[in-house]
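Reminder that position 57 of the sequence shown reads as 60 in the numbering used here, one-by-one numbering, no gaps.
One structure is given here, and the rest of the page talks about it.
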Amino acid sequence: MTRTHRFLWLLLALGSTPVLVAQSGNQPPALLSDLVDISRDFQDYTNGYFLADRLAAFDPATAAGKLVWQRHQLSPRIAFSNMEAVLRPFDGVTFPENEYAVNPELAFSLEFVTPRTVRLRLKTGPEIKPEGQSLMLAGPVPRDSSWKMTRVEGGYRYASTGGSVTVLEKPWRLELRDAQGRLLTKTNHSADLPATLVPALPFSFIRRSSDYSRSVAASFYLSAGEKLFGCGESFTRLDKRGQKIILWTNDANGVETERMYKPIPFFMSSRGYGMFVHSSSPMTFDMGASFHAANNLLVGDDDLDLFVFLGEPKDILDEYTKLTGKAAMPPLWSFGLWMSRITYLSEEQVRTVAAKLRQNRIPDDVIHIDTGWFETDWRCDYEFSKSRFKDPAKMIADLKQDGFHISLWQLPYFVPKNTLFPEIVQRGLYVKDSKGNLPY
Numbered sequence: 004m005t006r007t008h009r010f011l012w013l014l015l016a017l018g019s020t021p022v023l024v025a026q027s028g029n030q031p032p033a034l035l036s037d038l039v040d041i042s043r044d045f046q047d048y049t050n051g052y053f054l055a056d057r058l059a060a061f062d063p064a065t066a067a068g069k070l071v072w073q074r075h076q077l078s079p080r081i082a083f084s085n086m087e088a089v090l091r092p093f094d095g096v097t098f099p100e101n102e103y104a105v106n107p108e109l110a111f112s113l114e115f116v117t118p119r120t121v122r123l124r125l126k127t128g129p130e131i132k133p134e135g136q137s138l139m140l141a142g143p144v145p146r147d148s149s150w151k152m153t154r155v156e157g158g159y160r161y162a163s164t165g166g167s168v169t170v171l172e173k174p175w176r177l178e179l180r181d182a183q184g185r186l187l188t189k190t191n192h193s194a195d196l197p198a199t200l201v202p203a204l205p206f207s208f209i210r211r212s213s214d215y216s217r218s219v220a221a222s223f224y225l226s227a228g229e230k231l232f233g234c235g236e237s238f239t240r241l242d243k244r245g246q247k248i249i250l251w252t253n254d255a256n257g258v259e260t261e262r263m264y265k266p267i268p269f270f271m272s273s274r275g276y277g278m279f280v281h282s283s284s285p286m287t288f289d290m291g292a293s294f295h296a297a298n299n300l301l302v303g304d305d306d307l308d309l310f311v312f313l314g315e316p317k318d319i320l321d322e323y324t325k326l327t328g329k330a331a332m333p334p335l336w337s338f339g340l341w342m343s344r345i346t347y348l349s350e351e352q353v354r355t356v357a358a359k360l361r362q363n364r365i366p367d368d369v370i371h372i373d374t375g376w377f378e379t380d381w382r383c384d385y386e387f388s389k390s391r392f393k394d395p396a397k398m399i400a401d402l403k404q405d406g407f408h409i410s411l412w413q414l415p416y417f418v419p420k421n422t423l424f425p426e427i428v429q430r431g432l433y434v435k436d437s438k439g440n441l442p443y
């Protein structure tokens, strides 16, 4: 190889080297409808990283204690033409010295809710917020006394008829098993994969350098062949293993993207367990996307409140809905065919469609009138158009007589020309921006 050839090869190698650019995930989205993906926070060189390391104290009678979190920093690792961001122990400076805990000891606890449900709670800072009743839960969380504790090598095991949870002291680890003792999953520690060349995020939290706020990475082991299902009304692959799910409520404008109308921080595993993150903060579930053997639940909250359910899918769903509330059974007609289009623009169109459905013996329970029932299409003033719907009350009564229910499109977004707009502004009924003004 000539000197010129060696130089060209070096340029090509350098050109293929990935360059990691520090960016803060707590920056506002570029567009109002952008998804808020907090996984970027866990790739930011300016943030502090705290890795769950070992037990500092633990009371086996209450299953509560303190965890030591080892502070790390993100550093580039250079190897030939390869560059990776890896976590290294913190070697920075704090001032005044000895005033700030570099490796803090913070509270954690296990609470046993039912024989099949365990609650894991972790703090990432001082406990100063009063705890009130959550709108996400159906009521106070019960306690179950059937779990029995035994001392095992290196830790403690809590067992019930539904399964067991083992707390290991050093390194700190939680192991979840079914009633037969089969390992379902466990938390990931930084010592678990010391030989891998691919950085894997362990159980940890980050502290943002911009405002000292925190986010948690609840990292759990994924087994070979394990499948994951859930996360709400998601339009991507049914098996979420290998996907990154951004749980951010959004007007998805269809069913062809990762955007979700109704994200829910709950999922089930094919191995016989499920998890529910009790938080309304932004979340990103990296379910084996970045590292195939790790399920990283990234939670944009200062604390982690995680419910784990053990059992078959029907058991898990029953436990989850007992906790969050069981939905009432919708009326039978709501499961039938809904006929709709964007949009029926007149009473005549609605009656014609209803007549053709019955004439052709097409079973239908609901006619959905989309945006065209207002005088001005899309201007939601909650009034039927007087020029196109002559007698809406009689139309609805006639259709009901013929076995149809009516659904009306509505959107609580009021444009300035809406007749309700002045009243909304005058009475302060609008959603305010960060400065308290009208976001318009």
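By construction, the Cβ of each residue, glycine as well, lies at the ideal position given by its N, Cα and C atoms.
Query: Cβ-based burial, Asn299 [other Cβ within 10 Å; buried from 16]; Result: buried
Query: For Ala396, three-class secondary structure by DSSP; Result: helix
Query: Where Leu187 falls, given that 16 or more other Cβ within 10 Å makes a residue buried; Result: buried
Query: Proximity to Ile399 [Cα-Cα], best of Asn101, Thr374, Ser410; Result: Ser410
Query: Nearest to Tyr52 (by Cα), restricted to the options Ser207, Pro79, Leu58, Leu441; Result: Ser207
Query: Ile370 versus Phe377 - alpha carbon distance; Result: 16 Å
Query: Status (buried if at least 16 other CB within 10 Å, exposed otherwise) for Tyr323; Result: buried
Query: Terminal residues of the alpha helix (DSSP H) in which Ile267 lies; Result: Ile267 -> not in any alpha helix (DSSP H); beta strand (DSSP E) instead, spanning 266 to 272.
Query: Segment limits, alpha helix (DSSP H) that includes Asp321; Result: 316 to 327
Query: Proximity below 7 Å, CB of Leu313 to CB of Gly165; Result: yes
Query: Three or more C-beta pairs below 8 Å linking the region 305 to 320 and the region 349 to 359; Result: no
Query: Option nearest Asp321 by Cα separation, candidates Pro63, Pro99, Pro118, Leu34; Result: Pro118
Query: Top-ranked residue by Cα proximity to Lys1, from Leu140, Arg146, Thr190; Result: The first residue shown for the chain is 4 and the last is 443, placing residue 1 beyond what the model contains.
Query: Residue environment, Leu309, which counts as buried when at least 16 other CB atoms sit within 10 Å; Result: buried
Query: Nearest candidate by alpha-carbon position, reference Leu231, set Ala221, Gly245, Leu125; Result: Gly245
Query: Limits of the unbroken alpha helix (DSSP H) element including Thr355; Result: 350 to 362
Query: Gly95 classed as buried or exposed, judged by whether at least 16 other C-beta atoms fall within 10 angstroms; Result: exposed
Query: Nearest to Arg210 (by Cα), restricted to the options Tyr433, Gly303, Thr153, Pro333; Result: Gly303
Query: Residue closest to Ala108, alpha-carbon to alpha-carbon, out of Glu100, Asn101, Lys126; Result: Note on identity: in this sequence residue 108 is Glu, with Ala being the wrong assignment. Cα-wise, what sits closest to Glu108 is Lys126.
Query: Cβ pair Asp373, Leu340 closer than 7 Å; Result: no
Query: Counterpart residues of Met342 in DSSP-defined beta bridges; Result: Ile370
Query: Ser222 (DSSP reduced to helix, strand or coil); Result: strand
Query: Beta carbon of Tyr224 nearer than 7 Å to that of Asn256; Result: no
Query: Pair within 7 Å by beta-carbon distance, Lys393 and Glu426; Result: no
Query: Gly28 classed as buried or exposed, judged by whether at least 16 other C-beta atoms fall within 10 angstroms; Result: Note that Gly28 scores 46 on pLDDT, short of 50, meaning its location in the model is unreliable; the coordinates nonetheless yield the value given after this. Gly28 should be labelled buried.
Query: As assigned by DSSP and simplified to three states, the class of Asp44; Result: helix
Query: Other residues of its chain near Gly233: CB distance less than 6 Å, five sequence neighbours each side excluded; Result: Phe269, Phe270, Met271
Query: Spatially closest choice to Val89 from Pro99, Leu77, Pro174, Phe98, by CA coordinates; Result: Leu77
Query: Between the CA atoms of Arg382 and Ile365 - distance to the nearest angstrom; Result: 32 Å
Query: Burial state of Pro395, where buried means 16 or more other Cβ atoms lie within 10 Å; Result: buried
Query: Buried or exposed (CB count within 10 angstroms, at least 16 for buried), Trp175; Result: buried
Query: Helix, strand or coil at Glu386 [DSSP, three-state]; Result: coil
Query: For Asp401, three-class secondary structure by DSSP; Result: helix
Query: Buried versus exposed, by CB contacts within 10 Å (16 or more), Pro133; Result: exposed
Query: Close Cβ partners of Ala59 (< 6 Å) along its chain, the five nearest in sequence each way excluded; Result: Lys69, Val71, Glu108
Query: Own chain residues within Cβ distance below 6 Å of Thr287, not counting five before or after; Result: Asp40, Ile41, Ser42, Ile249, Leu301
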